[in-house]
Each structure stands twice: as C-alpha cells, then as structure tokens.
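Visitor:
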Amino acid sequence: MPSYALIVNGAQYSVDSWDPEQPLLHVLRNQLGLTGTKFGCGAGQCGSCTVLMDGATARSCVTTVAAAAGRRITTIEGLGTPEAPHPVQAAFIAEQAAQCGYCTCGTVMSAVALLARTPQPDRAQIAQALDGNLCRCGSHDRVLRAVARAAREGRKST
Amino acid sequence: MKVSTLARRDFLKGGALLVGFSFSGALPALALAADAAQRPPQRVLDLDEVDAFIAVRADGTVIIYSGKVDLGTGHRIAMRQMVAEELSCPVARIDMIEGDTALTPNQGPTAGSSGVMRGGVQLRQAAATACLALIERAAERYAHPAADLKLEDAYVVSSDGKLRVGMGELVGGRPFGVKMNPKAPLKQAAHYAVVGKDLPRPDLPDKITGRHVFVHDLMLDGMLHGRALRPPAVGASLLSMDLASIAHLRGARVVRIKNFLGVVAADEWTAVRAAAELKTTWSDAGTLVGHDGVRAWARGGPFLRDETLKSRGDTSAVGATALRATYYWPVQSHASMGPSCAVADVRAGQATIWTASQATHRYWPAYAAMLGLPVENVRLIYLDGSGCYGMNGHDDAAADAALLSKAVARPVRVQWTREDELGWDPKGPPQLIDLRAALGEDRNIAAWEAEMWVPIATANLAHVPLLAPGEAGIAQPAGQSVGLIAQNADPPYRCANLKVTAHWLAQAPLRPSNIRAPGKVANNFAVESFVDELAAAAGADPLEFRLRQLADPRGIEVLQRCARRMGWQARPARAPAPARGARARGTGIAYLHYKHNETYVAIAMQVEVDTQNGRIRVERVACAHDCGLMINPDAVRNQVEGNILQTLSRTLIEETRFDRRRVTSVDWQTYPILRYSEVPELLIDLIDRPDQPPLGAGEAACAAVPAALANAVADAAGIRLREVPFTPERVLAALRAA
C-alpha cells in the first residue's frame, strides 16, 4: 500500500492509503486520531473541515492525501489545549462563541489564517474571511466578536 | 477518539461505567461503557425518587442524571447552576450524565423549549428535596436541631459552626432513598449565589480546541464504518445490485434487508467509495407533489378532518371584509452542519447505541422492536451531535447503524452524507394560513378568523417512523409527527370575536418532524404580518396599534423595550405603494407570547431593500426577551442570538426543493443558509424576572422574526411579502405588482 509523508502539527507521520485520492480529512480523523477536524459536506462548501496547509486555509475534505504529502499541516489540535489555548481559541472561550460547536474548529482555523495575514481586521473583513464557514446555530455574532477580541489582544501583546 | 482502553472511573461505590461530562479538565471528559456486556448497575429511575436525579459520591462531589440533554443550548451549565444553588455546592463539583436509558430518568424528549422549564425544574426540586434529606440526616446523626442546620459549600453546618459535616460523609455512595418532595422549599431569589450568573459552559473549551467527543468522533475497537444507501426516489424498491461493481474495493461488504441497503468496511474511505460505486437498480417512483405544488396540494387534501381550535363571540363581521390575506411557509430542512451520525454495537443479544437523539427514551423501545430484543437488553446513550433544532437525521442514522451492526455482528458507525441530511432528514412541514379580520369603530381588531391547511400530527404516535425499518420491512408505528403546529394562530391582542380552524391534511409532502418552534414560526409570521396590515387599514403606528390592544403587562414591556432599543419612530403602518429609488430602508416590529403562556418576545428590524436586484439586507435587529427567571443570562442570550440569525436564514433563503421523485436541494449551494457577511447588528435586551418561574429560551424568539422582517420590508419598499422565503425574485415580483 502506498504511504505518504505528512507533517501534521509539527510531527512527521508516514500514513498508508490504498487510494491517493483519499481525502486528508479521513486520514487525520481515522489514522491520526485528530477528530477536531469535522466532516460537514465533503464538497468544500461549509468549512467544518478547515485546516491550515503551509499557513493557508485548506478544505481537508477535498484535499487528497497525495496533495497534502510534504505540506505543513496544522489542525485545531495543533493550536492549543483546553488548559493552554491559542489566543484565538482563548478569545472564543472568553466570548462563549459556540453553541453546538460542530463548525467551531473549522471557523477557528479560518480566523487564525485571517489574523496571520490581517492582524487588525474590521468587522466586515472578519465576516468576509469567515464566509466560507457556515454555522447553523446562529453563533455568528459571538464568533465575530471573538475574532475581534483576538485581534485586540494580539495588538496588546505586541 | 479511539476508545481502546476504557477510561474507567467509578462514579459511585460499586463501580459503574458511565458516560458523563465532567466539569473539570482534571476528570476524564468521557468515561465510556464501551463494553456493552458490562451492564450498568440497576439505577432507580422513577421520577418521584430523588435518587433518579442526584447522587453524592463519598468525596462529596455530585452527579446529576438528566433525561434532558444539552443540544448546544447550555443546559450543561444551567442544570448544574440550578442544582448547585439548592445544594449550596460549587458547580465545579457537579458532573452530569445525560440521556442514557440505563442511567437517567425519562424526562421526555429535549424539545419544545422544555429543558430548563421542565427538566431543570425537576432537577431543582430533587436538589431541594436532597437538601432537606441531608439536613435531616445530620440532625439525626448528631442529635442537633434541624432548624439550626443549613447547607453551605457542600457541608451541613450549624449556626455556631461547631457542627460541620460534608455531604459525602452523610450520604456519599449511598442512595438518598427519599421521595421527591414537591413542597421542599426552594432558595429565595434574593439569596441566589449561582443562579443568574453568566457562568461559562463546561463543554466549550473542549469544543473550541477540538477535544470534545461528538458522536461522530466515537471509535470503538473492531468498529466498521457504514453507509446506508437511500433510493433515488422516495418509496422506490431495490430491484437489483451488481456486487461486481465494488469488487475492487477490498473489505467492503454489502448488507441488504429488502429495500434497506448498506455497505460496511473497516476503512471509512472504502465505505464511502463503496456507497458511491455500488451499482443498483431501483423501481421508479413519482409520488411527491414537488415544492411548487405544495400550495395547491394543501388546499386540495386529502384531509383527515377539520377542527375548530378556538371559538368565541361572533366572527360574522369578517364575512364582508376586504382585510384578508394568505400566508405560506415552505418545507424546510433542519440543515444541521454535521450530517447525522451514530454508532451501534449489536451483538450477542445486547445492543448499545450511541446517538445524538433528542429523545433517547422515546426511541428506546423502537430500536428494541426493530432489533427484536427486549428493551432491557438495549441501551441508548446520548452523545453530542451537530445542532439539530428538532428531529433531524440522528435517529435515522442510529437505526441504520443498529441494523448494520446486527447484520455484521460488529460495532458499526454510520455517518450520513450531506446529501443524506438535506435530502432525508424529516422536514419541517409546510403551512398555509388564511387570515380574515374586521376592524371595529374604534379602529381596533373586532373579529378574527384563521384557517390553516396543515399536516396533522398523528394522535399518540410513539415516534417519527424511521427510514431503516421502513425500508427493511420491519413493522413500526404508522403516522407522522409535526409538533404542536397550530398554536399562536390567534392574535395575542384583545379580540372578542375569534375563530381558529385547522384543516388537517392526512399527510405531508415529505416525511415531517418537529422543527424549531413548530408551527409557531409560520403562524406568528402570518398573525403579526397581518396585524401590520390591519394597522395600515386603521392608519395607526404599528407599535401603538399593538400596545393599545394588549393587556398583558409583560407583553407591553417587551414591546416598549424593544422599540426603545431600536429607536422606534412612530409612523402609520405603510399601505402598499412601491418604493422609489434604488435603495429603500424601513423598520418593522412583531410581538409574540409563545404558546400564549410562555416566553414573551418583541423583535424590531431595520432593513434595506435594493429595488434593482431585489435583495434584502437586514441591518439591525432589536429584541426584548422575557423568559422569567434566567438561570444563565449569557446562555439565554446565546439562544436568542441563534434564534434570530437562524430564523432570518429560514425566512430569507430557505426552501427544500423537490420534484416528483426526491429532494433536489441537497447541498449548501442548492440549500444555502445565512453567511457571516449577512449578519446584522444585534441589540438584545434580556429582562430578568427572578421572582417568576424560568421559561424556555430555545424557541420563542425565532417565532417573532419573520413578521418583523416582513413588516420592515413593507415599510421600506411598500410590498407585502406573504410567502417564505423572501427571495430577490419574490421581492422583484412584488415590486412589479405593487
């Protein structure tokens, strides 16, 4: 069975996949046990499966394992922990910015990517950056506030 | 999460393996009874026993057993707060077990905004009874007057502080053995230390860092991944399949039980490809009316019966009125972000099903019957799913998993696809509502008639019929469920002459279930839009028109506070006249007293209508909300925000589209929902009433949204939108017709 070299959250893995077309999402969840990345649509339409690939957002449900090989992948688990959350995660916690939480991890990943390229976005820029992340519970306003908070805290700390 | 070695944790003496959500990160987030052969100890589950709801461990920590579950709504903190308050015990010392048929009492489904209002109130009474029992026990043991004892920080203490004994020492690991005392005194609101505080939800740090275990993330040793293959047309039969078409997919197995067809494989991607590549031939079926045919179908029947729901006075005055209008609400999907998922382990005459069901106890006998097992051999365990807002596909996915697991004698996880969820979740039913009214000489509502054409809820139906047993030819109760769909079709204003009639349709265009605020969203859309039409006929300001006919002071207060929050400018309700100019701005307001006896809501909205392309932009939404005592105001706010945004989405965008054969809106392009860039400014005013019972916050606010939006559009553009969704095409058509 062909194997692929993945760099996930800073660690090197060699994963087997009988099909080079297997989505990265399934590899992350089933082979690496990184279940924070969620299946939402399988078509790159909802953003639940968002990860970072070389720092930019990627939809892991439509990214093949072959295409991910050798790229630097960050999943939600690579950001922070409940005890030591990443600043964006800390801001989400502070704003209680979730309801069911199913879309949350993908949204956090998009927010991290946004703040890396635009550290001080306005509300419209945040909304635009998150437009590929759907939320059904209606937590949008909290999420927008959380990302604005993360930007604010980021400014304070630099 | 791979559960290969059990995170075993003894919750009580005797060592039960439990699924529980622990407050503190130091405790395991999930202790799994993965070994279904290991039966949990017999627990007392009678609703009149304190032990059904609350247990105290030897270390003084507390376990809540809740039949109601947290669907992302904040129950996990609110229930703890209610119990912590009565037990004078820190919330961090409370763990909570939810929706486990072996462990939690049957408090009914988590639906109808009943979580805190009924479930929480039961828990609170159990805690108050437990508090009495603890004091009595200490009084007996130490021969100390009970009147001098109280609970403080999880200790029973005397007024001089000399007697101080922990709850764990008094009852730890042992049952209370006392009946629920409905008269056990509750803490007075003035002494609340925990209730009413914005305590953070215990599940969010894990959810936000990707550690939370959703049912989607549960992986058992030896588990297979399964997919159910639904027919290309509703009601079609499987004629043949070509196993050779998936012969290249190693390890894929096909399970067929009559028309129930599934695939399983150890590797998920293999299962995905097998489901996609298995060649099948189905009979043709074309039994559906199509989404464009629903209105005509609703008027034509067949009907089961007509029913007069409310009648008082004499409504003959409406006979000659020109004040009449028809409103339509389409079929909609719950449209959960995560397609439904479940894990089942059906082996050796035992079944354990991990499900995101809102109603584990309700579906318990259904799965037992489907599997041909006695109920005591079947256990349903709730695990979080993606938000559902009514019965989505979770219960069907659990049935799929159970049938597949039984067939292959291995644990099976079934993950629905996006197409499954939008195509096959039971749908919010359509509603067609005719309203007629007459104004009196005082220009107030003198008579009101409502007639609705709506699918009936089958009386005493045990549960929504499930897909898998239906396809597999396994008997299950026949009928349909739509929730309490007929409420709030009469105005909440003074009206001496009133008649509300339902024409109950025998069926629904697609298999229905309850969807958030069942029926009330559509009914209040009709009622409160029509009230604006009446205000226009009366030449009155919409706010003033409502206030002058409203008697309930709590209703008056939400309207006034909402108007203040919006900066309401008094103006006559606008009569139809097309807007001039490319962009038209307006405001609207709507009121709701949920079910006429629960939460009070007023919502006002400011919108801009682009008269060139027909797009509606919602700029600001104000809401005043009174759900009585608020256990956790921020959790209430979260629900209110969600109600508003989700219902804006439903009103502006959403309609399940289907042809004669099947649902055709099966992805986020064909069934779009609200996006971040469409989110308005939210101005929310929560009214706390600590002296009143807590009411629900999970549904009410959504039912005031559609009319506020329609009224704002009418004010802006002079068009009256009476059919949902308010698509640009409908706006442009209304502008042309105006």
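Residue numbers (our numbering), protein chains in the order written: chain A, 269 to 426; chain B, 31 to 768.
Even for Gly, the Cβ is constructed at its ideal location relative to N, Cα and C.
As the structure is a prediction and not an experimental result, all values here were calculated from the model.
Just to confirm my understanding: we take Tyr222/B, look at its own chain, exclude 5 residues before and 5 after, and list those with CB closer than 8 Å. What are they?
Guide: Glu115, Pro720
Visitor: For Trp454/B, does the three-state DSSP call read helix, strand or coil?
Guide: helix
Visitor: So for Tyr485/B, helix, strand or coil by DSSP?
Guide: The identity of residue 485/B in the sequence shown is Pro, whereas the question assumes Tyr. It is a strand residue.
Visitor: Listing by chain order, which chain A residues have their CB less than 7 Å from the CB of Lys15/B?
Guide: No answer is possible for residue 15/B: the residues shown for chain B start at 31 and end at 768.
Visitor: Taking only three categories from DSSP, how would you classify Phe575/B?
Guide: Shown here, Phe575/B sits in a helix according to DSSP, grouped into three states.
Visitor: Could you have a look at Ala414/A and say whether DSSP puts it in helix, strand or coil?
Guide: helix
Visitor: Count the CB pairs spanning the stretch 90 to 102 of chain B and the stretch 113 to 130 of chain B that are closer than 8 Å, and state whether there are at least three.
Guide: yes
Visitor: Report the residues of the stretch 671 to 697 of chain B with a CB closer than 9 Å to any CB of chain A, ordered along the chain.
Guide: Glu671, Gly672, Asn673, Ile674, Leu675, Gln676, Thr677, Leu678, Ser679, Asp697
Visitor: Are the CB atoms of Thr318/A and Thr305/A within a distance shorter than 9 Å?
Guide: yes
Visitor: Where does Ser271/A land, buried or exposed, given buried means 16+ other C-beta within 10 angstroms?
Guide: exposed
Visitor: For a cutoff of 9 Å on Cβ pairs, would you count Leu320/A as touching chain B?
Guide: no
Visitor: On the criterion of 16 or more Cβ atoms from any shown chain inside 10 Å, does Pro404/B qualify as buried, or is it exposed?
Guide: exposed
Visitor: Within the 9 Å Cβ cut-off, does His817/B reach chain A?
Guide: The shown model of chain B, from 31 to 768, leaves out residue 817/B, and the question about it has no answer.
Visitor: Should Glu345/A go down as buried or exposed, given a rule of 16 or more other Cβ atoms within 10 Å for buried?
Guide: buried
Visitor: Thinking C-alpha only, which one of Thr382/B, Ala632/B, Asn490/B is nearest Ala428/B?
Guide: Thr382/B
Visitor: For Ser54/B, count the other beta carbons within 10 Å of its own beta carbon; 16 or more makes it buried, fewer makes it exposed. Which is it?
Guide: Bear in mind that the predicted position of Ser54/B carries a pLDDT of just 39, short of 50, making it unreliable; the figure below should be weighed with that in mind. The residue in question, Ser54/B, is exposed, as its Cβ has fewer than 16 Cβ neighbours within 10 Å.
Visitor: What runs of the beta strand (DSSP E), each 3 residues or longer, lie entirely inside the stretch 268 to 343 of chain B?
Guide: 268 to 272, 283 to 287, 290 to 295, 309 to 312, 333 to 342
Visitor: Tell me the DSSP secondary structure of Gly278/A in three-state form.
Guide: coil
Visitor: Here's the rule: buried if 16 or more other CB atoms are within 10 angstroms of the residue's CB, otherwise exposed. What is Lys217/B?
Guide: Buried, since its Cβ has 16 or more Cβ neighbours within 10 Å.
Visitor: In the DSSP assignment, find the alpha helix (DSSP H) that holds Ser416/B and state where it starts and stops.
Guide: Per DSSP, Ser416/B belongs to no alpha helix (DSSP H) and is neither H nor E.
Visitor: Check the Cβ-Cβ distances between Ala311/A and every residue of chain B, and say whether any is below 9 Å.
Guide: True, the Cβ-Cβ gap to chain B drops below 9 Å.
Visitor: Span of the beta strand (DSSP E) holding Glu558/B?
Guide: Where Glu558/B is concerned, there is no enclosing beta strand (DSSP E), although the alpha helix (DSSP H) it sits in stretches over 550 to 568.
Visitor: Would you kindly work out how many angstroms separate the C-alpha atoms of Cys368/A and Ala350/B, rounded to a whole number?
Guide: 50 Å
Visitor: Return the chain-ordered list of same chain residues with a C-beta closer than 6 Å to the C-beta of Gly470/B, the five sequence neighbours on each side being excluded.
Guide: Ala476
Visitor: Alpha carbon to alpha carbon, how far is Leu292/A from Pro389/A?
Guide: 30 Å
Visitor: Taking all protein chains shown into account, decide if Asp284/A is buried (16 or more other Cβ within 10 angstroms of its Cβ) or exposed.
Guide: With fewer than 16 other CB atoms across the displayed protein chains lying within 10 angstroms of its CB, Asp284/A is exposed.
Visitor: Are the beta-carbon atoms belonging to Asn673/B and Ala738/B less than 9 Å from one another?
Guide: no
Visitor: Only counting the same chain, and skipping five residues up and downstream in sequence, which positions put a Cβ closer than 7 Å to that of Ala763/B?
Guide: None.
Visitor: Can you give the Cα-Cα distance for Ala305/B and Val294/B, rounded to whole angstroms?
Guide: 9 Å
Visitor: What is the DSSP secondary structure of Gln357/A, counted as helix, strand or coil?
Guide: helix
Visitor: Whole angstroms is fine: what's the gap from Lys227/B's alpha carbon to Cys119/B's?
Guide: Spanning the two alpha carbons is a distance of roughly 15 Å.
Visitor: Determine which residues share a DSSP beta bridge with Glu182/B and list them.
Guide: Tyr185/B
Visitor: Return helix, strand or coil for Asp322/A, following the three-state DSSP convention.
Guide: coil
Visitor: Alpha helix (DSSP H) containing Asn527/B: first to last residue?
Guide: Premise fails: Asn527/B lies in the beta strand (DSSP E), 527 to 535, not in any alpha helix (DSSP H).
Visitor: Restricting to Cα atoms, I'd like to know which of Gly748/B, Val754/B, Glu753/B is closest to Arg766/B.
Guide: Of Gly748/B, Val754/B, Glu753/B, the residue nearest in Cα terms is Gly748/B.
Visitor: Report the rounded CA-to-CA distance for Gly406/A versus Asp272/B, giving the unit in angstroms.
Guide: Answer to the nearest angstrom: the Cα atoms are 44 Å apart.
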